[in-house]
């Protein structure tokens with residue numbers, strides 16, 4: 009399965025420049041005589057996105073359940089549930105249908121643990137990603153100042169993740185376990201969203217909601233176990249299975265756009 013995943017992402021990486029080239033050709037054609045002239049729009053937005061992260065959260069919950077079963081009051085934000093989403097985009101608008109590039113930056117973390125005078129048990133995950141996508145947006149004006157829109161995008165995502173686990177009994181160092189993982193990988197990224205835009209040119213404001221497709225699968229990187237480093241390892245759960253990083257999720261946010269004519 010992992011080999012198929014790697015091959016799939018290699019194909020996507022090679023195909024992504026073709027998407028950019030196609031978009032560039034479309035923009036150039038729209039600028040040729042005989043085509044309607046348009047405008048450029050630069051926008052930024054802030055919002056929230058949740059993460060699927062089923063495998064990661066199951067691993068954290070295994071540690072949480074162990075602590076509860078042993079009578080320890082577990083602490084921490086158990087789920088890597090989501091976090092702040094920053095988006096920037098540049099769109100060319102020849103008409104109601106516009107084309108451009110979209111950048112997504114997202115991150116989240118989750119942890120669980122317990123510490124007292126006798127020892128410590130803790131586990132933590134962080135998840136970050138940057139996505140670059142070619143996008144198309146269709147505007148449906150309601151009146152001069154208000155428009156509905158729908159948007160589709162597809163491209164490439166670069167994901168990173170870290171994992172830290174620590175078990176130690178302070179009076180008996182033979183029961184010390186410390187593991188660190190720093191993993192990364194690429195994946196196909198896509199999104200679909202819709203919203204409403206309020207126009208007060210050259211500025212526009214609006215809100216949107218949608219869904220991001222961003223399953224990065226099992227990421228790879230160095231694994232350090234009690235000081236010994238293993239190269240190109242995946243993070244595994246207590247059953248020895250690879251832990252997938254799934255960044256997919258619902259997103260909501262607000263945006264500001266500045267538009268200028270060519």
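In the numbering used here, the protein residues as written are 9 to 270. Note that the Cβ used here is the ideal one computed from N, Cα and C, for glycine as well. Owing to the predicted nature of the structure, the values given are computational and were not obtained by experimental measurement.
Checklist entry - Three-state secondary structure (DSSP) at residue 126? => result coil
Checklist entry - Straight-line CA distance for residue 86 to residue 68? => result 6 Å
Item to check | Meets three-Cβ-pair contact criterion under 8 Å: the region 223 to 232 and the region 175 to 190 | outcome: yes
Checklist entry - Looking at C-alpha atoms only, which residue of 48, 119 and 55 is the closest neighbour of residue 216? => result 55
Checklist entry - If you follow the beta strand (DSSP E) that residue 7 is part of, which residue opens it and which one closes it? => result Because the chain is modelled from 9 through 270, residue 7 falls outside the range shown and cannot be assessed.
Checklist entry - How is the beta strand (DSSP E) around residue 240 delimited, first residue to last? => result 236 to 242
Checklist entry - Is residue 71 buried or exposed, if buried means 16 or more other CB atoms sit within 10 Å of its CB? => result buried
Item to check | Minimum C-alpha distance to residue 240 - residue among 193, 220 and 214 | outcome: 193
Next on the checklist: So, does the region 113 to 124 touch the region 76 to 86, judging by three or more C-beta pairs under 8 Å?
Outcome noted: yes
Next on the checklist: If I measure Cβ to Cβ from residue 268 and keep anything under 7 Å in the same chain, skipping five residues before and after, which residues do I get?
Outcome noted: 47, 48 and 210
Checklist entry - Could you check where the beta strand (DSSP E) with residue 259 kicks off and where it finishes? => result 257 to 269
Item to check | Endpoints, beta strand (DSSP E) assigned at residue 104 | outcome: Here residue 104 belongs to no beta strand (DSSP E), and DSSP marks it neither H nor E.
Item to check | Whole-angstrom distance between residue 134 and residue 263, CA atom to CA atom | outcome: 26 Å
Next on the checklist: What does the alpha-carbon distance come out to for the pair residue 161 and residue 201?
Outcome noted: 9 Å
Item to check | C-alpha gap between residue 204 and residue 94, whole angstroms | outcome: 18 Å
Next on the checklist: Assuming contact is defined by CB atoms lying nearer than 9 Å, are residue 140 and residue 110 in contact in what I supplied?
Outcome noted: yes
Checklist entry - Within 10 angstroms of its Cβ, does residue 152 collect 16 or more other Cβ (buried), or is it exposed? => result exposed
Checklist entry - Taking buried to mean at least 16 other C-beta atoms within 10 Å of its own C-beta, is residue 52 buried or exposed? => result exposed
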